[in-house]
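K.L.:
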Amino acid sequence: MRLRRLDLTRYGRFTDHRLDFGAAEPGAPDFHIVYGLNEAGKSTSLSGFLDLLFGIEQQSRYNFLHPYSAMEVGALLEFGGAERHLIRRKQRTGSLSDAAGQSVNEAVLANALGGLSRESYRAMFSLDDETLEAGGEAILQSRGDLGELLFSASAGLAGISAALAKAQDEADAIHRKQARSTQIYLLKQKIEALDAKRKEIDTAASVHNALASDLAKAAEAYEAVVADLGSVRRRRAEIETLLRALPRLRDHEALRAELEADGDAPTPPASWREAFPKLLAETVRIDGALRRVTDERARIETERESAAPNASVLALRASWRALEGDRARARTAEDDLPKRRREMEATDAALQQLLLRLGAPAGLEPEDLLLPAPLAGALRERIEGRLALDARLAKALQEEREAEHALAQSEARIAGAEAMPSDPRALAELDAARALARRSDVAARSAHGRAEEARRKPLAQARMEALQPFEGDVAALRALALPDADRIAGWRQRLTECARRAGEAEARLREADTESRLAATRLRALEKSAGPIDDTHAETLRAERDAAFAAHRAALSEATAERFAQVLRADDELSRERLARARDLGELRQLGAALATAETAAERWRDLLEVARDDGARLTDEMDAALPEALRGETADGVAILSRLDLFARRRQEALDAFGALDETRAARLAAEEDAGRLSDALEEALRALGRAPTSRDLALLCEAADAVLNEATEMGARQAAAQADLEARRADLARRRREADEARRAGEDWASGWRALIAESGLTARLGRALPGTDPAEPGASFSALGPQVGAVREMLPVLLELPARLQALSDLRHRVETMEANRRTFETALEDLIERLDLAILESGSAARAERLGEEIAEAERGAQTLRHLDAELHRLAAEESELIAAQARIGTEASAMTAFFGVEALEEVGPALEAAQERARREARLADWERDLLADLGVTSLAEAEARLSQAEREALEEEREALDARVHDLEARRETLFRTRSDAADALERVGGDGAVARLVAERRTAILEMEELALRALKLRTGALMANEALRLYRDRHRSAMMERASDAFRTMTRGDYTGLATQSEKDSEILIGLTRAGGSRLAADMSKGTRFQLYLALRLAGYEEFARARSPVPFVADDIMETFDEPRSEEVLRLLAGLSRHGQVIYLTHHRHLCDLARQVEPSVRLHEIASAQREPA
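If you use full-length UniProt numbering, the sequence shown corresponds to residues 1 to 1184, in order.
1. Between which residues of its own chain and A693 is the CB-CB distance below 8 Å, once the five residues before and five after are set aside?
2. Could you say which of L164, A40, R5, Y121 lies nearest to M1031 if we only look at CA atoms?
3. Beta carbon of Q88, beta carbon of S95: below 7 Å?
4. Under 7 Å, do L758 and L379 count as touching if we go by C-beta distance?
5. What first and last residue would you give for the beta strand (DSSP E) that runs through E72?
6. Between the alpha carbons of L609 and L642, how many angstroms are there, rounded?
7. Leaving aside the five residues before and after V818 along the sequence, list all residues of the same chain whose C-beta is less than 8 Å from its C-beta, in chain order.
8. Got a sec? Which residues, its chain only, sit under 7 Å from M1048 by beta carbon, not counting five neighbours each side?
9. State the Cα-Cα distance for the pair M1058 and V1138, rounded to the nearest angstrom.
10. Would you call the segment 638 to 658 and the segment 465 to 479 touching, i.e. three or more CB-CB distances under 8 Å?
11. Between N105, A1115, A433, which has its C-alpha nearest E704's C-alpha?
12. Going by alpha carbons, who is nearest to F49 out of E240, D1162, A1123?
13. Please report the distance separating the alpha-carbon of L19 from that of L436.
14. Whose CA, out of E1168, L619, A862, lies closest to the CA of G1144?
15. What residue range is occupied by the uninterrupted beta strand (DSSP E) comprising R89?
16. Identify the continuous alpha helix (DSSP H) that holds E1175 and give its terminal residues.
17. If you reduce the DSSP assignment to three classes, tell me which class residue 1188 lands in.
18. At the level of alpha carbons, what is the spacing between R1114 and P1120?
19. Decide if the segment 553 to 567 is in contact with the segment 603 to 622; the criterion is three or more beta carbon pairs, one per stretch, under 8 Å apart.
20. Taking the alpha-carbon of A1011 as reference, which of A110, L523, K190, G748 has the nearest alpha-carbon?
21. Can you tell which of L1106, S126, Q1166, E72 has its C-alpha closest to the C-alpha of E1132?
22. Grab me the residues of E452's own chain with a C-beta within less than 6 Å of its C-beta, minus the 5 sequence neighbours each way, in chain order.
23. Under a three-way DSSP split, which group does F31 fall into?
24. Measuring CB to CB, does Y222 end up less than 7 Å from L1013?
25. Using three-state DSSP, classify L387 as helix, strand or coil.
26. Of the choices S762, G490, E240, whose alpha-carbon is the least far from that of M623?
27. Please state whether DSSP places R5 in a helix, a strand or coil.
28. Does the Cβ-Cβ distance between G1095 and T1129 come in under 7 Å?
29. Provide the residue(s) that pair with L1030 in DSSP beta bridges, ordered along the chain.
30. Where do the ends of the beta strand (DSSP E) carrying L916 lie?
31. Could you tell me whether the segment 1086 to 1101 touches the segment 114 to 124, where touching means 3 or more Cβ pairs closer than 8 Å?
32. Is it buried or exposed, K166, if we count other Cβ atoms within 10 angstroms and call 16 or more buried?
33. Within its chain, find whatever has a CB closer than 8 Å to the CB of R176; leave out the 5 residues flanking it on each side and keep chain order.
34. Can you look up G128 in the DSSP assignment and give me helix, strand or coil?
35. Look at the Cβ atom of T410, then the Cβ atom of R730, and state whether they are nearer than 7 Å.
36. Would R455 be called buried (16 or more neighbouring beta carbons within 10 Å of its own) or exposed?
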């Protein structure tokens, strides 16, 4: 992308302003300097360009001249092989459009920018003093890490170390081994506390139900007392209402009687109460006003008769006013003439003094020494040019000598430098072996394997110990045969079925026993209440009767007859009883049948229960026989056997998994150690090839030894390359300085030739009658340095010569002013005397000023008399109009007063007031009567006054007061009872709350589950942070290895050029797992970034940024690179070198530099003659 033109249509202080950068010239640098004074709008232009690309910011500070709705910025951009005219406005949507006003998709600019955002563009391609300072701080924060510096230089990302450290700190805050303040540790503590609290409040259901029942009873009693208390309070409130209503009713009746006694009276209109005071006051006011008007008219007529102005004096007022101007000029001349004459004498004396300072001969007129303005300007310009040329020549000669000295020092360093001692191929092999070892993770794998093996081994042993009483090894554990899952599932199903059958039999047996006991109990109770009427007793008694009858028939004796008769009576009595209690008899038969059925069912379920238990016992024996010897125990419970089998199977699998992981860890460690051995062999062989026998086979020590060898070779090569480059730079610098010195000498000779021509043209020697200093007629072509005395003499004379025209003009002006003042004074005196004669006034004063003052007083007195007469006439006219208005108002008021007096039947208006007061008082009493009646009905809750009177007629005050006292005592007792019951209910609720319930336990369980989920999320977050930090560090290392050579070379060259050889370049130094950037000084030493000065760190950051932009431009389509006054703290030589670097950078992409320093524009032209200069005119200040 390239910026062809920037249109600041309505933006900041700009209105319809345009910055045209023109078309790019093929093969030429695209370098632009934008110059403007402080607050001319350079930063505004840069912000406008960014707002065009990315949208005007929501809270823009550039709306102080144009409101948000009118802000607009446009540009002509070149990208994609075409030109696009785009316009940006301040709106929420559709802010980007083309020249025709059609909306343009934001993706057009996003594609041209390669997806850059505003922040990344400012960080990568827009530099100012703030970004330079931030870059210097970023170098310190990164501690010189090469990977981060190169990455941030080309990708615009600073502060990577801070971000990675922040991620590590966040991960440590989540979890750190053996730490007690991490988030996961705190969550564990919370879960343990929740478990303890759950155990504390998880009360039995019976206790909970009892407490709940107590709470319900206490609440029921409390509500009953509250209801009683409410009803008592309502009755007491009703009594209070009746007691208040009794006196109100008496007052109401008394007021109604008073109104009836007064009888009916007319009711005046409501408006009369307000109108009457105004009407009365208006009547009084009009009468007083009429008297005042009459008195005023008489007074004015008297004053008018006494006022009589002088008519002849008034006739000459126009002539006097015409003379006022001449009078003022004459007065001014009288006061000013002496001073002006003194000024004229002083000016003439100053002219003579100037002639003396110039050394002019006597009799010479000042006009003879006047110089033409162009000639004087040319002489002044030549003199100023002479000063600049003196400084330029001195500087060029000094720099030439310094360049010769620097070249000699560089040649001496080259002569004394040592040659590289190592074989390049062996160094390359060592570097490759070192890089392979650095890239490998064998050390981390080996250390991780040892740590994991140490961690997993006790875990596997603990898993093995958890299998007690099993005492075999891992092989025996693997070979141990356990029942398969299908067989265990079959056992569990059969065991469940046995338990189900046994449980069902037990339940049915309990039901049958319960029914049997219930039937027996009811049967006994019925037999007790009904007597012996059952079938068994009846059959027994019938058998006794038959036996007695048989005995009697056989014996036919009195005794047998008596026995038979007794038994027969008993049987008949029983038959009658059974017939009478037929229902009880039927119920006895049903209860007997139910009892027999229940006993039969109980016996059947008892048999089924024994069968189910026998089947469970046989299954338990089968399961116990199928278990390994180590799992057999004394417990004959099938459920316990299955639980023990499940636990052993799970722990066996955990132990096998733990030993499997241990074996995998051990294998990974051994593989890592084998890889480390191969890498160590390669490094050891490469070091021996270079004559460096290692002292250890440790891979880290071998890498450090390789780093030392490679760094030594790199530094030596860098020093030799830097020294050679410095020698070439010094030779080029000396040639350039010599050319500059020759150019300065030629410029001096050109100046001397022009100076001599100007001196000849001025003719100063002929006018002054003597030669100037430094002028030798025998040497008309004197050299530049020989003309120094002459230039000094002319420089001193030139201000005096330039002062002569002003002095001559001032003298001429003063002479003209004095003559004009004298003429004005004479004209006024003549006109004044003429006017006095026409008035025929006797003025005895002498002098024109006094006589004029006397004449003015006479005219003023006549004018005052005429003004008084006009004022009096106006007053008379006003009084007549006022009198007419008052008479009309008096008639209107009389009509209104007559209506009031007729209504009340009175004679005077004053009598209307008491009548109105009486009518108003009656209205107030009627309103009070209505209010009392309305309040009484509302309190009693009735709709008519008759109902209220009827209700109150039945009420007796003494009885109501006695009932109120009784109710007060009842309220006091109920309040005490309510408080007691409230405490009882609160205690019951607290007791229930303390033990908790299903809801509390459920909340604790939910809170525990939430804490576990939080712990899982935090663990994942910590894993992501640690993994991300490791990946970022690895990415930095890979980026450093991939881009180190090219970007390091460019950054090193830029840093050397920028510091003018104070630093010969940049190198790297290995430190642990990274490489540190260091600067190589001219003296052959090295310096870390942290040891550099603040300004040098700025220049180092700038060198990295320039190298990063070149890297970006080579890989992608370049965008404009903008720098805003980044050389505020640079001296002139380093500023020149930075401009040279920017000019070179402009061959890869468009470079725009904004500045308010004019000398930087001149330096840019010297460095790159094709640079384009754009100027922004200064205007009003922008708001801070």
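Virtual Cβ for every residue (Gly too), placed ideally from N, Cα, C.
P.N.:
If we stick to the structure as given:
1. Looking up residue 693 in the sequence shown gives position 693. Within the same chain, Cβ atoms closer than 8 Å to the Cβ of A693 are found at L687, the five residues on either side in sequence being excluded.
2. Stepping through the sequence shown from its first residue, residue 1031 is reached at position 1031. Minimum Cα-Cα distance from M1031 among the listed residues L164, A40, R5, Y121 corresponds to L164.
3. Here the question's residue 88 lines up with position 88 in the sequence shown. Here the question's residue 95 lines up with position 95 in the sequence shown. For clarity, residue 88 is Arg in the given sequence; the question names Gln instead. It is a contact, given that the beta carbons lie within the stated cut-off.
4. As a position in the sequence shown, residue 758 is number 758, starting the count at 1. As a position in the sequence shown, residue 379 is number 379, starting the count at 1. At the C-beta level, L758 and L379 come within 7 Å of one another.
5. Mapped onto the sequence shown, residue 72 falls at position 72. Taken as a continuous stretch (DSSP letters only), the beta strand (DSSP E) holding E72 covers 72 to 79.
6. If you number the sequence shown from 1, residue 609 lands on position 609. If you number the sequence shown from 1, residue 642 lands on position 642. Taking the straight line joining both Cα atoms gives about 22 Å.
7. Start at 1 with the first residue of the sequence shown, and residue 818 comes out as number 818. Counting only Cβ-Cβ distances below 8 Å, and skipping sequence neighbours, we find L337, R340, R341, M344.
8. What you label residue 1048 is simply residue 1048 of the sequence shown in a count that begins at 1. Annotation for M1048: L1066 place their beta carbon closer than 7 Å to its own, counting only its chain and skipping 5 residues before and after.
9. Residue numbering aside, residue 1058 sits at position 1058 when the sequence shown is read from its first letter. Residue numbering aside, residue 1138 sits at position 1138 when the sequence shown is read from its first letter. Going by the C-alpha atoms only, they are around 6 Å apart.
10. The segment 638 to 658 vs the segment 465 to 479: in contact.
11. Your numbering for residue 704 matches position 704 in the sequence shown. Of the listed residues, the one whose Cα sits closest to E704 is A433.
12. In the sequence shown, the residue the question calls residue 49 occupies position 49. Per the Cα distances, A1123.
13. As a first step, residue 19 must be located in the sequence shown, where it is residue number 19. As a first step, residue 436 must be located in the sequence shown, where it is residue number 436. Near 54 Å, if we compare the C-alpha coordinates of L436 and L19.
14. Within the sequence shown, residue 1144 is the residue found at index 1144, counting from 1. It is E1168 whose Cα lies nearest to the Cα of G1144.
15. The count along the sequence shown starts at 1 and reaches residue 89 at position 89. Membership of R89 in the beta strand (DSSP E) is indicated by the continuous run 82 to 89.
16. Taking the sequence shown and counting its residues from 1, the one referred to as residue 1175 is at position 1175. Counting along the chain, E1175 falls outside any alpha helix (DSSP H), though it belongs to the beta strand (DSSP E) covering 1172 to 1175.
17. The structure shown has nothing for residue 1188, since the chain only spans 1 to 1184.
18. Within the sequence shown, the letter at position 1114 stands for residue 1114. Within the sequence shown, the letter at position 1120 stands for residue 1120. In a straight line, the C-alpha of R1114 is about 14 Å away from that of P1120.
19. In short, these stretches do not touch, since the Cβ pair count stays below three.
20. Residue mapping note: residue 1011 aligns to position 1011 of the sequence shown, counting from 1. Considering only alpha carbons, the answer is K190.
21. The residue given as residue 1132 occupies position 1132 in the sequence shown. Selected option, being the one with the closest Cα: Q1166.
22. Position 452 of the sequence shown, counted from the start, is the residue given in the question as residue 452. Cβ within range, chain order: T665.
23. Working through the sequence shown from its first residue, we reach residue 31 at position 31. Strand at F31.
24. Position 222 of the sequence shown, counted from the first residue, corresponds to residue 222. Position 1013 of the sequence shown, counted from the first residue, corresponds to residue 1013. Against a cut-off of 7 Å, the Cβ pair of L1013 and Y222 comes out as no contact.
25. Along the sequence shown, read from residue 1 onward, the residue named residue 387 stands at position 387. Residue state for L387 is assigned as helix, using DSSP reduced to three classes.
26. Locating residue 623 in the sequence shown gives position 623, counting from the first residue. Selected option, being the one with the closest Cα: G490.
27. Taking the first residue of the sequence shown as 1, we reach residue 5 at position 5. In this structure, R5 counts as strand in the three-state DSSP scheme.
28. If you number the sequence shown from 1, residue 1095 lands on position 1095. If you number the sequence shown from 1, residue 1129 lands on position 1129. Against a cut-off of 7 Å, the Cβ pair of T1129 and G1095 comes out as a contact.
29. One-based indexing of the sequence shown puts residue 1030 at position 1030. Partner(s): none; L1030 has no beta bridge.
30. Against the sequence shown, residue 916 aligns to sequence position 916. Counting along the chain, L916 falls outside any beta strand (DSSP E), though it belongs to the alpha helix (DSSP H) covering 912 to 940.
31. Taking 8 Å as the limit for Cβ pairs, the verdict is that the segment 114 to 124 does not touch the segment 1086 to 1101.
32. Here residue 166 is taken as the residue at index 166 of the sequence shown, counted from 1. Here K166 is exposed, its C-beta having fewer than 16 other C-beta atoms within 10 Å.
33. Position 176 of the sequence shown, counting from 1, holds the residue named residue 176. Once the five neighbours on either side are set aside, the close Cβ partners of R176 are T182.
34. Position 128 of the sequence shown, counted from the start, is the residue given in the question as residue 128. The sequence given here has Asp at residue 128, not Gly. In the three-state scheme derived from DSSP, where H, G and I count as helix and E and B as strand, D128 is classed as strand.
35. Within the sequence shown, residue 410 is the residue found at index 410, counting from 1. Within the sequence shown, residue 730 is the residue found at index 730, counting from 1. Note that residue 410 is Ser in the sequence shown here, rather than Thr. Yes.
36. For the purposes of this step, residue 455 is identified with residue 455 of the sequence shown, where counting begins at 1. R455 counts as exposed, since fewer than 16 other beta carbons sit within 10 angstroms of its beta carbon.
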